[in-house]
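Under UniProt numbering, the first residue of the sequence shown is numbered 1, with each subsequent residue one higher. Read through the structure below, which is laid out as structure tokens, and then see the notes.
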Amino acid sequence: MDAAAVSRLQKTLLQHPQVGPRLKALAQRAVPGKAKFADLTKEQQRWIFNALKNKSLKEHYHLEEGSGNIVVKSALGLLAVLGDEQAAASSVVDQAVVAAEAPAPKASPAPEESRASAPRKRKMTASTSRKKRAQPALGKRCSAAADLARRVLHHGRQQRGLVSKLLKKLVARVDTTFPGMKQELLRDEPVVDNVIVRTLGKLREEATQRGFQSIAIADLDFVMSNERTWPRSFLQKHGYCIGRRAWRTLQGERFQGGATAESRRLWERSRQGGAPSKVSAATLAVTRAVLERNSKPGSKVASVHQNADGSFGRARPRGDQADERVVPGQSLLATPARMWSENEELQSLFSRTSFYKVLKKHFADFREGHRDTDVCSHCQCYWRHLVPRFHQDWATVHNDLKSVYPNYFDHFNPSNFADCGEEADAACKYINSHCARYREERERSGCDRLQLHTFTEAPALVLLRGHRSLLRSYLWHMLSARRQQECLKKLMTPEGLPLEDSLLVFDWREKIRLPVGPQETGDMWHAQQKYAISCFGCCVFQWEQLPGDEAKMRQTYLMLISEIREQTAEASNLMLEQVLAMANVSRAGCLHFFSDCGPHFRSAESLHHRVMQVCFQRKQTVRVNFLGEQHGKSLLDGAFGTTGMHGWLGRYALKKPIHSLDHLLTAFKAGADEAMALDPEGPRWLCEKVDFGTHRASEVGLFVSTGFKITRTYCMMALKPASRAKKPVVHNLVFSDIAIPAEGAMSYQIQMHTREEPLEWKRSYLEGEKTWELEPPNPGDTTQLCRKHESQKARPPPDGLRPVKTFHERVQSKARRAARDKALVEDRMLSLASAEGKLEAAAQRLGIALQRVLLGSLAMPAQVAVGCCQLELGAFSEAARSFGRCCWLLEALAPFNSYHARWALDAFCAASLGKLPTAESYGAYARKVLLAHCGSAPAAELMARRRGLQLPKAEESEAPLPGEPEVTCELLEDAVELCLKATEPLELRALEIAVSGCLLDLRGAGGGVGGRLLLPLPAHVGEAKVRLAKDRRSLRAKFPRDEKGEKRCVSRARHSEG
């Protein structure tokens, strides 16, 4: 069958009312996919075409003569050939019915044969007659079977389940009568190895018991059921048992068509328990709005992972990289903590740590803010001023022209321009040619043409031409900088640098300030502002010959340091002479110099050095290249960072001091040796100190050319001079990517200037003596501190004060810190114990997150009380603000650390012993904290153990009863500190404290506070310091020791012992 006939057959079958839907379902099952604007995709249509082409279907349709139409004779048979199982079953049954109803074929008469050739007939015996009678007859029995099949099919169209039940019973009855017949009838039942199925069933059971992810078990069920084609009863018979719920899940829509891993992961996440997620489209929109208000476009790109909802998360270190994206980064202008604390709407949506998680998962393109340093001022002016001003003026011109002639821009194509220069050029061309090209339309419009052309178009054209010229100039600056950078990058590669050429990239680094060391005194810090060392860096790329005919590009870094702090053209030329000698730069080929556009490199004096002292004396071609203005960053900036205070020098200064130039050179060499040992095949490092003498050169040479401006060129080439030439031939190439000069050689002169007086080099200096290098004073020497001590020793310090804290003082400091922490815990327990039911109800209305923490802080009861009053008064916004302040105070995370878990366990113990007035609420709160921290099972075990703990009676009796004060005493070195804690607010005026020896008497005016305490040592109230806490329920009093009373107590004790 040719392709045209197959196409007509395909079109006819797809339009057929019975065959079309089933054929589409077959194609969609064979080739998964969904078309946007049609029923089938191209791949599915191609599958139908190939199936019709390869299958033999002629007996199921015929072609009408004359019209050429295709008529389907048997739709079920055609679908059965194509692979439809349901159609195949119906077709087979129909064929059986037809065969059963058909009459028995009559035997055709045998041809006459001659008697001689005819075989002799065998005589029928009794045995043969019995066998013949035993064979089943075909007539009435065959018609009965046909009638039965017809009835089954007739009822099967209405009651499918009844037919299935009837056939199952029939097969079971046949298997009972004829054992083994069921296997012959049901040959389509899958045959599997029982050992393999039983092993996989055991694996599933172990995975379920260990608590593995159910997604893996669901995948195993999906595979073991042969993609849901094998029944559950069959799997259970062979030892692979699947529960009813798992089987219903397997039959759901999630597993249809082979679910992807991402959809299966989402399904698994939806089946897990826990609180619902706070992240939604609305919360993400609020978060994005806050971030955009506190950010600006960054200068770096961000590598992120694109989520399903379009947000950007952090790039995944492992796994599929298909969803990785590189997007423009956003620089935050405030820290995430500050944004969260200053925005009440964010506080109502997330806690602070949840806000951090949302930033990592959905807003990874927002990075920590940074400052852009060493930015080109021209580029900054272009982006910050010229571009916005052009857009503003272009919008004004657009409105002015449309106000006079509304259809003025009908023919203007506002396509995406590469930059503002192209847009300004297109605008100028359109306005300039509009009058000539659309004259007839302007006349028909009826607008004021004089006003349009003279007073609107002309000023607009002048303004836009000025913008275009300015924008083109700044864009040319950017393009020039990029051209030079690309040429430098090309020369630094083995493919870009010719075999005999050499490349030198050099620059001055920031001055190195000395002295530095492991310990820096104040004098050393002041000296760093004056004593600075100059450092000249250079990187040399040249070819190194290997054994044989091979060559390898060698990279050498040179660091030259000097005390001469001048960074002039003369100093740069002397440094380059040192580089050429130390690096042993080859004299063959071309010598490429690359530097920035600083005046110490791009000057007449530097050109004289490159042309006359390098090119002419070395007899070598020289190309002098400069990077763009304020775009002179190169690989040397990275080398300066590697060798600076954050690299070699910083690591060396942690161990040894760097006080002088020799120390600095030692530090550089140590870092160079370490780097070359770690990477022997990498770049070489050479470090030396350089001294130019005391005076500068008396004669200076200048490169002078009429009409030549050195600030307008980025590349000059001096050709190798001839043998008798007096000076080299110089070409101005302007850019480094131009190989052949467009113009002839330059005419130039060498002018020599002689200085009238010799000039000395400016060096780094230090005023005064270097205290860090002085020897320590010897015994008996008189220093400034000795004289100061002699003049001030008549005024002694207070008793007990030492120059340095003793070990005993440090121990006491730690003990006081521990006592303060303990007092904080006790205060929180008291505030929790005094919480009222109304406050508890208010806290419960605030949500689960706040319910865990609001009742456990000193300020929380007051804040909750204020919020409750505001709610009762109808001030809902103020109440929300009060509750938001509660969240800000405790950050909604206090119960989630071990400190609060231990505190909650102690609180639960105290509540179970009945020491607190609100024991029920106290115990409920403690249970919530424990459950939030360690889960249900560990929390139940901890509480069970604490309930079973037998506390001694003495401990219970010593515990303060509710409503009574608690008094503790602490012995200090020079005093006795008393801590009083009460359940009611205290008043200092109504409190009387009397001390008599070792007995302390407390009396309150209202009788609420009172009692006596036996102090460990005698004290007196003369200089006592009393301090009341903010909650007015905790009082601390510090009584000085009574030394005389202590002596009397000691003498009485000795007398009693005697």
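Cβ atoms here follow ideal geometry from the backbone N, Cα and C, with glycine treated the same way.
Can you tell which of the options has the C-alpha that lies nearest to the C-alpha of residue i?
| i | options | result |
| --- | --- | --- |
| Gly598 | Gly628, Gln18, Pro494, Arg684 | Gly628 |
| Gln751 | Leu661, Glu500, Ala604, Glu577 | Ala604 |
| Ser74 | Glu544, Leu461, Arg810, Val19 | Val19 |
| His434 | Ala418, Leu452, Lys1038 | Leu452 |
| Ala481 | Gly517, Asp596, Arg384, Leu386 | Asp596 |
| Ala675 | Gln567, Tyr557, Lys656, Pro231 | Tyr557 |
| Glu544 | Thr782, Glu681, Arg325 | Glu681 |
| Leu824 | Glu743, Ser698, Cys979, Lys530 | Cys979 |
| Val516 | Lys655, Asn573, Ala460 | Lys655 |
| Ala815 | Ser660, Leu661, Glu977, Ile710 | Glu977 |
| Ala282 | Pro657, Glu345, Thr806 | Glu345 |
| Gly496 | Ala246, Gln236, Met553, Asp549 | Met553 |
| Gly522 | Lys770, Arg46, Ser813 | Lys770 |
| Leu479 | Arg817, Gly421, Ala583 | Gly421 |
| Ala583 | Thr621, Pro683, Asp372, Asp799 | Pro683 |
With the cut-off set at 8 Å, would you say residue i and residue j are in Cβ contact?
| i | j | result |
| --- | --- | --- |
| His600 | Phe703 | no |
| Val579 | Cys538 | yes |
| His411 | Tyr438 | yes |
| residue 1059 | Arg565 | Nothing can be reported for residue 1059: it is not among the residues displayed for the chain, which extend from 1 to 1058. |
| Ala25 | Gln44 | no |
| Phe312 | Asp365 | yes |
| Gln485 | Asn625 | no |
| Thr643 | Gly671 | yes |
| Ser586 | Gln542 | yes |
| Gly33 | His60 | no |
| Phe640 | Leu576 | no |
| Ala436 | Leu464 | no |
| Lys42 | Val6 | no |
| Gln347 | Gly298 | no |
| Pro16 | Val72 | A small fix is needed here, since residue 16 is His in this sequence, not Pro. Yes, the pair counts as a contact, with Cβ atoms nearer than the cut-off. |
| Trp761 | Met524 | no |
| Arg602 | Ile710 | yes |
| Leu488 | Phe363 | no |
| Val327 | Val304 | yes |
| Ala424 | Arg468 | yes |
| residue 1114 | Leu349 | Because residue 1114 is not part of the residues shown, which for the chain are 1 to 1058, the question remains open. |
| Trp29 | Leu79 | Contrary to the premise, residue 29 reads as Arg rather than Trp in this sequence. Not a contact, by the Cβ cut-off of 8 Å. |
| Arg696 | Glu775 | no |
| Ala218 | Leu250 | yes |
I believe residue i touches residue j by the beta-carbon criterion, under 8 Å. Please report the beta-carbon distance rounded to the nearest angstrom.
| i | j | result |
| --- | --- | --- |
| Ile70 | Arg8 | 6 Å |
| Ala1024 | Phe1039 | 5 Å |
| Leu504 | Val540 | 6 Å |
| Pro721 | Cys615 | 7 Å |
| Arg1027 | Arg1041 | At roughly 19 Å, the Cβ-Cβ gap does not stay under 8 Å, so Arg1027 and Arg1041 are not in contact. |
| Glu324 | Ala334 | Not a contact, Cβ separation roughly 28 Å. |
| Arg618 | Ala718 | Between Ala718 and Arg618 the Cβ distance is about 11 Å, and since that is not below 8 Å, they are no contact. |
Quiz item: When the Cβ atoms of the segment 396 to 411 are set against those of the segment 454 to 466, are three or more pairs found closer than 8 Å?
Solution: yes
Quiz item: Are the segment 756 to 765 and the segment 730 to 741 in contact at 8 Å, needing three or more beta carbon pairs?
Solution: no
Quiz item: Okay, do the segment 376 to 387 and the segment 472 to 479 touch, 3+ Cβ pairs below 8 Å being the bar?
Solution: yes
Quiz item: Do the segment 639 to 651 and the segment 660 to 672 meet, that is, are 3 or more Cβ pairs less than 8 Å apart?
Solution: yes
Quiz prompt | Cβ pair count under 8 Å reaching 3, the segment 275 to 292 against the segment 349 to 359 | solution = yes
Practice problem: For the segment 626 to 678, list the beta strand (DSSP E) runs that are entirely contained and at least 3 residues long, ordered along the chain. | Solution: none
Practice problem: Inspect the CB distances between the segment 586 to 593 and the segment 493 to 502 and report whether three or more fall short of 8 Å. | Solution: yes
Quiz prompt | the segment 681 to 694 contacting the segment 553 to 567, beta-carbon criterion three pairs below 8 Å | solution = yes
Quiz item: Unbroken alpha helix (DSSP H) runs of length 4 or more, entirely within the segment 403 to 456: which are they?
Solution: 420 to 437, 439 to 445, 449 to 452
Quiz prompt | beta strand (DSSP E) segments (min. 3 residues) lying fully within the segment 360 to 389 | solution = none
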